[in-house]
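Scroll down for the structure; my scribbles are underneath it.
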DNA sequence: CGCTCTATTGACTTCGTTCAACAAGCGTGG
DNA sequence: CCACGCTTGTTGAACGAAGTCAATAGAGCG
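Chains as they are written, first to last, in our numbering: chain A, 1 to 235; chain B, 1001 to 1235.
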């Protein structure tokens, strides 16, 4: 508990869930955490593993995904540094992860034993408010995406996914657009379709000058045109 | 706070979220709650309303649903008595409901002011664990349904919806099957399809003897046959 | 009895998937 | 440095699942 690595404390301080935690608590959490590195394509945990740790992404990029019985991947969420994930076990002792967490680049995360964190929350109950905010936000996002999947056409969903990624992965809005490092396959997993269909729409949009594309790279040139597509106002 | 209506306390005692709340807390909550009746088809709240109350269904049946821009309904969850819903505002002051809650029969619920409940949770922090369990359970269900919607065909999803409703609405498994009070339209909203498609599959299953149907009524005769369909093992 | 709401079914259309062939980018090792 | 191979992306053609539209049939209620 006397591990007060200032860098770790700094990472933890920027986790949204802990925005109003006392400095003392941040130190405590830092003391409980272990650094874990996972290389590109590797997993922090797999669907079905016992949820013994919760994680905070420190560097790199990762995704939370589920794999269906027939092997198809569904992408639930893209993770960026300072986001907490895999917190389920901190709430329900003995739970298993309902999804897997895969690194999209070489990444590092802080791992905290679920049981330790649960004890801390018991002693410091105000921490649970941050957790509950995280969860309600996540619930709302999932509900919204569920509605989209149930009611919108693929074209709209892909446009929306690009806009959402642009907003959260928060790349600089340089002149020339917002660049996103995702493949056709990634987009397909996020929107519940196939890479072929994604490729067709991206090609069409590129011809119209709304975006430019490269290998595992999409640059939004006219985001407002995508908004029109997402809202089905396209002619 | 001295309203200790024993019937209300009894309802509150059976809310899963509060399973390990102290008797004293149950009494307090009972004292904060107001009974609200909503008739068939009416709303407890609408999507976008300020989330000033949370509810516990006392009698009847209701659904949580979202309405998309073009008017299509998406059914997120079917509510049965003793379930808590609309709790978002208890976590995030000033939030608006992301979905609406509509009665499917004449129903009553206990309404508790979000602010009052939030204060109570602050004073009695162990209550937050029940809330977090509720939320993690809900997140897992949403993730699972999202995966289904993204990867499975309509036939599988309808079969799964029937099995899920049978499991949770927990009708007695009498000889002769499990009877569910849902229309084709309800099923369609739950599975992200149209009433026509639902009707076609139900007809087909009825011809095979797997179910019987009536007006707003479906009886599962051979649930295991539906399991095979849901898992895509059907010939 | 007639009105309304729910359900059925056929015909047709559309969207999206699947399959296959091919092109282009990128890294590696000879 | 180039050739090779692997991965990613493109595009056409055919197919199939599900949506749409329309006509009709029952069920239940006042």
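Beta carbons: idealized from backbone N, C-alpha and C, even for Gly.
Residue 1120 of chain B carries a helical assignment under DSSP once its states are collapsed to helix, strand and coil. Put simply, the segment 37 to 54 of chain A touches the segment 84 to 92 of chain A. At least three CB pairs are less than 8 Å apart. With respect to chain B, the C-beta atom of residue 22 of chain A has no partner C-beta closer than 7 Å. Going by C-alpha positions, residue 191 of chain A is about 15 Å away from residue 1142 of chain B.
Its chain contains 1179, 1181 as the residues whose beta carbon lies nearer than 7 Å to that of residue 1217 of chain B, once the 5 sequence neighbours on both sides are disregarded; these appear in chain order.
For residue 150 of chain A, at least one C-beta of chain B is nearer than 7 Å to its own C-beta. Within chain B, the residues 1066, 1068, 1074 have their CB atoms less than 7 Å from the CB of residue 147 of chain A, given in chain order.
DSSP places residue 180 of chain A within a strand segment (E or B) once states are collapsed to three. Chain A has no Cβ within less than 7 Å of the Cβ of residue 1112 of chain B. Taking a contact to require three or more Cβ pairs closer than 8 Å, the segment 200 to 214 of chain A and the segment 105 to 124 of chain A do not qualify as touching. No Cβ of chain A is located within less than 7 Å of the beta carbon of residue 1094 of chain B.
Across the structure, residue 1134 of chain B and residue 1081 of chain B are spaced so that their CA atoms are roughly 15 Å apart. No Cβ-Cβ contact shorter than 7 Å links residue 1215 of chain B with residue 1111 of chain B. Note: residue 107 of chain A is bridge-paired with A:38 in the DSSP secondary-structure output. The alpha-carbon separation between residue 1161 of chain B and residue 1187 of chain B amounts to approximately 7 Å. When secondary structure is reduced to three states using DSSP, residue 1162 of chain B falls in the helix class. Residue 68 of chain A sits in coil when the DSSP states are folded into three classes, being neither helix nor strand. The beta-carbon of residue 88 of chain A is placed less than 7 Å from the nearest beta-carbon of chain B. Sequence-distant Cβ neighbours of residue 1075 of chain B in its own chain, meaning closer than 6 Å and more than five residues away, are 1063, 1065, 1189, 1190.
No Cβ-Cβ contact shorter than 7 Å links residue 109 of chain A with residue 43 of chain A. In the DSSP assignment, the residues bridged to residue 1033 of chain B are B:1112. Put simply, of A:164, A:130, A:86 the residue whose alpha carbon is nearest the alpha carbon of residue 95 of chain A is A:86. For residue 1012 of chain B, the uninterrupted alpha helix (DSSP H) segment begins and ends at 1006 to 1013.
Here residue 58 of chain A carries a strand assignment [DSSP, helix/strand/coil]. By the Cβ-count criterion, residue 1227 of chain B is exposed, with fewer than 16 other Cβ atoms from all chains shown falling within 10 Å of its own Cβ.
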